[in-house]
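Student: What follows is a structure written as structure tokens; I'll ask about it next.
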């Protein structure tokens, strides 16, 4: 590249005789200053400032409107709905304002000033099928007891069980239902994450403490109402545990659903329980038969008569003759059909007092009264029969004194006729005149009929005698003193 030539003429001084170069032509001005330019600029800036001010004013109004809307939405967010099966708690600045808001539309200060806490008060059913049951799969928990494994070992870390009062092991399953009845206590004292465990531990504690004082026989084969009593006691203990910590939870239902001894002893327990069941059945049947016989014997007065007879025997053994006669008179009065008038306060035993109270004003009935009435009728019949025999004898005596031969012949004819009418008598007609000798056997048909009739009479007599003895033995009581060594 070549450098441009350097013009050094500017470094030299102009010479006097040098000609003056012509001046270059002037360029037109780009800015011209005139008077009043500041006023014109201000006039030009006023519309812009006005537009900016209007925009800022509108933005301000919009911001204010947005703030009002947000404030309104913030306030309106405090209105909430409490659904059916729930209760609400209104909180403001950490303090409770309302503690039991019923289902409906309610206001609470919005967060962070406050909040609406909703608590579900519906029924909740925890599961206690595994707690005291041998370990098994979920779908096997409802299988029959016979399906429980019988390997002969229980692992405390795996299998659930209970210790009864007689130091036996038992397995049980329970059904429970609870509700949150005090929302404020529940919110203050219970962490929802641990609620189920708290309730389960409380129920298990009730079961353990209840069965610790109950023998296994009473658990497996309880008396009437025994299962309910066990369930109620376990429920009571579990409820006390929850109340002590202020849980605000109420156990609505707690029932023992299944129970069994260890699987290895199941067969032996069943044999014992079956034997006891048969014994209890026999006792129940015997008591029923006793009540039936007593009712047939004396009706509603049977219990009173039994109480009087026991007191009468006690008085006889104690040598209290006056009391014995008084009691015997009362027994005779009741047996004869008179109304019972004994005051219930005369009985020392509450059961006897109850029997007397229920039977007071009533009369005896049944075989006792019937026997007494029949005895009275028989007494009258015997007297009348004796009187008839006496009158008959007097009439015969008069006939004999008037004509003895006639009376004897008439009585002989009557006796002969009666003899001929007997079923064992066979009559044969023989011709008069020469002596006739007959060798004959008895008529087999007649003998057969006679034997049948004789056996029938014996059977009837034996049956009547047996019935008579049974009726007599009903009222016989062993009054001897027994000494047990």
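In our numbering, the protein residues as written are 69 to 553.
Don't be surprised by glycine CBs; every beta carbon is placed ideally from N, CA and C.
For residue 345, which residues from the same chain have a beta carbon less than 8 Å from its beta carbon, with the 5 sequence-adjacent residues on both sides left out?
Tutor: Closer than 8 Å at Cβ, skipping near neighbours: 289.
Student: So, under 8 Å CB-CB, residue 518 and residue 491 are touching, yes? Tell me the CB distance rounded to an integer number of Å.
Tutor: About 6 Å; that satisfies the 8 Å criterion.
Student: Going straight from the alpha carbon of residue 298 to that of residue 247, what length do you get?
Tutor: Their backbone Cα atoms lie some 21 Å apart in a straight line.
Student: Please name the residue or residues paired with residue 278 in a DSSP beta bridge.
Tutor: BP columns for residue 278 are empty, so no partner.
Student: Cβ of residue 472 versus every heavy atom of the ligand MN: is any distance shorter than 7 Å?
Tutor: Judged by which ligands are present, the structure shown has none, so any question about the ligand MN falls away.
Student: So, under 8 Å CB-CB, residue 432 and residue 412 are touching, yes? Tell me the CB distance rounded to an integer number of Å.
Tutor: Wrong, their Cβ atoms sit about 17 Å apart, outside the cutoff.
Student: Enumerate in chain order the residues of its own chain whose CB-to-CB distance from residue 511 is below 7 Å, with the five nearest sequence positions on each side excluded.
Tutor: Result list for residue 511: 494, in chain order.
Student: Kindly indicate the opening and closing residues of the alpha helix (DSSP H) around residue 252.
Tutor: From DSSP, the alpha helix (DSSP H) with residue 252 extends over 251-257.
Student: Using 8 Å as the cut-off, can you tell me whether the segment 380-396 makes contact with the segment 439-449, which would need three or more C-beta pairs spanning the two stretches below that distance?
Tutor: At 8 Å Cβ cutoff, the stretches do not touch.
Student: Between residue 152 and residue 188, is the Cβ-Cβ spacing less than 8 Å?
Tutor: No, these two residues do not count as a Cβ contact at 8 Å.
Student: Cutting at 8 Å between CB atoms, please list the residues of its own chain near residue 278, excluding the five before and the five after it.
Tutor: For residue 278, where only same-chain residues beyond five positions count, the Cβ hits under 8 Å are 298, 301, 302, 305.
Student: State the start and end residues of the unbroken beta strand (DSSP E) segment that holds residue 262.
Tutor: Run containing residue 262: none; DSSP gives neither H nor E here.
Student: State yes or no: is the C-beta of residue 231 within less than 8 Å of the C-beta of residue 280?
Tutor: Yes. Within cutoff.
Student: Give, in chain order, every unbroken run of the alpha helix (DSSP H) that is at least 4 residues long and sits entirely within the segment 266-322.
Tutor: Qualifying alpha helix (DSSP H) stretches, in chain order: 284-288, 294-312.
Student: Can you find at least 3 beta carbon pairs, one from the segment 256-275 and one from the segment 188-197, that sit closer than 8 Å?
Tutor: Yes, they touch.
Student: From residue 423 to residue 417, what does the alpha carbon distance come to, in whole angstroms?
Tutor: Cα-Cα distance, rounded: 10 Å.
Student: Work out the CA separation of residue 356 and residue 406 for me, nearest whole Å.
Tutor: When rounded, the distance between both Cα atoms is 27 Å.
Student: Can you tell me whether DSSP reads residue 166 as helix, strand or coil?
Tutor: Strand.
Student: What are the boundary residues of the beta strand (DSSP E) that residue 160 is part of?
Tutor: Here the beta strand (DSSP E) through residue 160 covers 154-160.
Student: Is it right to say residue 484 is buried, meaning 16 or more other beta carbons lie within 10 angstroms of its own, or is it exposed?
Tutor: Per the 10 Å Cβ criterion, exposed.
Student: On the DSSP bridge list, what partners appear for residue 186?
Tutor: The partner list for residue 186 (beta bridge, DSSP) reads 156.
Student: Distance check for residue 398 and residue 381, CA to CA, integer angstroms please.
Tutor: Roughly 14 Å between the two C-alpha positions.
Student: From which residue to which residue does the beta strand (DSSP E) around residue 244 run?
Tutor: Element bounds for residue 244: 237-248.
Student: Over the uninterrupted beta strand (DSSP E) stretch that includes residue 341, give me the two end residues.
Tutor: Run containing residue 341: none in the beta strand (DSSP E); it sits in the alpha helix (DSSP H), 334-366.
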